[in-house]
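Beneath this line is the structure, given in C-alpha coordinates, with notes to follow.
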Amino acid sequence: ALMFVNHHGPLPVGTGGKCGSLGTAYNILKTITSHRQSGEGVVLVGDFNSNADTEEVKQLESRLRRVITGTSFGGVDHIF
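Per the working numbering, numbering through the sequence shown is continuous, rising by one, with the last residue being 80.
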(Lines of atoms letter the chains of each structure in order from A; the text may use other names.)
(Lines give C-alpha, C1' and ligand atoms only; values in the text may rest on other atoms or scores of the structure.)
Protein backbone atom coordinates (compact mmCIF):
# COMPACT_ATOMS: atom_id res chain seq x y z
CA ALA A 1 0.00 0.00 0.00
CA LEU A 2 1.07 3.58 -0.59
CA MET A 3 0.18 6.90 1.02
CA PHE A 4 0.38 9.74 -1.51
CA VAL A 5 0.56 13.27 -0.05
CA ASN A 6 0.43 16.53 -2.00
CA HIS A 7 1.48 19.78 -0.30
CA HIS A 8 1.27 23.37 -1.49
CA GLY A 9 3.43 25.51 0.76
CA PRO A 10 2.72 28.92 2.23
CA LEU A 11 4.05 32.27 1.07
CA PRO A 12 6.31 34.19 1.14
CA VAL A 13 8.74 31.72 -0.39
CA GLY A 14 11.23 30.18 2.03
CA THR A 15 9.49 31.29 5.24
CA GLY A 16 7.15 28.45 6.11
CA GLY A 17 4.42 31.06 6.41
CA LYS A 18 2.61 31.62 9.71
CA CYS A 19 3.95 28.39 11.26
CA GLY A 20 7.56 29.01 10.20
CA SER A 21 9.80 26.52 8.41
CA LEU A 22 10.16 24.03 11.26
CA GLY A 23 6.48 24.29 12.21
CA THR A 24 5.39 23.57 8.65
CA ALA A 25 7.70 20.55 8.41
CA TYR A 26 6.45 19.30 11.78
CA ASN A 27 2.82 19.65 10.68
CA ILE A 28 3.48 17.73 7.45
CA LEU A 29 5.27 14.92 9.29
CA LYS A 30 2.59 14.83 12.02
CA THR A 31 -0.16 14.53 9.39
CA ILE A 32 1.68 11.70 7.64
CA THR A 33 2.29 9.89 10.94
CA SER A 34 -1.31 10.20 12.08
CA HIS A 35 -2.81 8.92 8.81
CA ARG A 36 -0.23 6.38 7.64
CA GLN A 37 -1.05 2.73 8.14
CA SER A 38 1.55 0.22 9.29
CA GLY A 39 3.82 -0.91 6.47
CA GLU A 40 2.52 1.72 4.08
CA GLY A 41 5.03 3.56 1.87
CA VAL A 42 4.87 7.36 1.62
CA VAL A 43 5.32 9.67 -1.36
CA LEU A 44 5.24 13.38 -0.55
CA VAL A 45 5.12 15.81 -3.49
CA GLY A 46 4.36 19.43 -4.09
CA ASP A 47 5.17 23.06 -4.52
CA PHE A 48 6.57 23.62 -1.04
CA ASN A 49 7.47 27.26 -1.69
CA SER A 50 10.75 26.40 0.06
CA ASN A 51 14.02 25.56 -1.65
CA ALA A 52 16.34 22.72 -0.63
CA ASP A 53 18.42 24.97 1.64
CA THR A 54 15.54 25.86 3.98
CA GLU A 55 15.04 24.39 7.44
CA GLU A 56 11.67 23.04 6.29
CA VAL A 57 13.14 20.85 3.56
CA LYS A 58 16.11 19.85 5.72
CA GLN A 59 13.73 18.75 8.49
CA LEU A 60 11.64 16.74 6.02
CA GLU A 61 14.87 15.16 4.72
CA SER A 62 15.66 13.96 8.23
CA ARG A 63 12.65 11.61 7.96
CA LEU A 64 12.05 11.22 4.20
CA ARG A 65 14.41 10.80 1.25
CA ARG A 66 14.24 13.68 -1.22
CA VAL A 67 14.23 12.16 -4.70
CA ILE A 68 14.15 15.24 -6.90
CA THR A 69 13.88 19.02 -6.76
CA GLY A 70 12.63 21.16 -9.60
CA THR A 71 14.29 24.31 -10.90
CA SER A 72 11.41 26.82 -11.02
CA PHE A 73 11.53 29.72 -8.56
CA GLY A 74 14.84 28.56 -7.12
CA GLY A 75 13.81 24.94 -6.65
CA VAL A 76 10.63 25.03 -4.58
CA ASP A 77 9.06 21.85 -6.01
CA HIS A 78 10.10 18.56 -4.41
CA ILE A 79 9.38 14.85 -4.41
CA PHE A 80 10.21 12.84 -1.30
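The beta-carbon is built from N, C-alpha and C at its ideal position, and this holds for glycine as well.
- [ ] With LEU44 as the anchor, note down where its beta strand (DSSP E) starts and where it stops.
- [x] Segment 41 to 47, the beta strand (DSSP E) holding LEU44.
TODO: Report the three-state DSSP secondary structure of THR71 (helix, strand or coil).
DONE: Coil.
- [ ] Please check the pair LEU64 and PHE48, which I expect to be a contact at CB under 8 Å, by giving their CB distance rounded to whole angstroms.
- [x] Between the beta-carbon of LEU64 and that of PHE48 there is about 12 Å, and that puts the pair past the 8 Å contact cut.
Task: Residue interval of the beta strand (DSSP E) (run including ASN6) - done: Boundaries of the beta strand (DSSP E) around ASN6: 2 to 8.
Open item on the list: One question on the structure: do HIS8 and GLY70 come within less than 8 Å of each other, judged by their Cβ atoms?
Closed with: At the C-beta level, HIS8 and GLY70 stay beyond 8 Å of one another.
Open item on the list: One question on the structure: do VAL57 and HIS35 come within less than 8 Å of each other, judged by their Cβ atoms?
Closed with: Taking 8 Å as the cut-off, the Cβ atoms of VAL57 and HIS35 do not count as close.
TODO: Return the CA-CA distance between LEU11 and GLY74, expressed in angstroms with no decimal places.
DONE: Those two C-alpha atoms are separated by around 14 Å.
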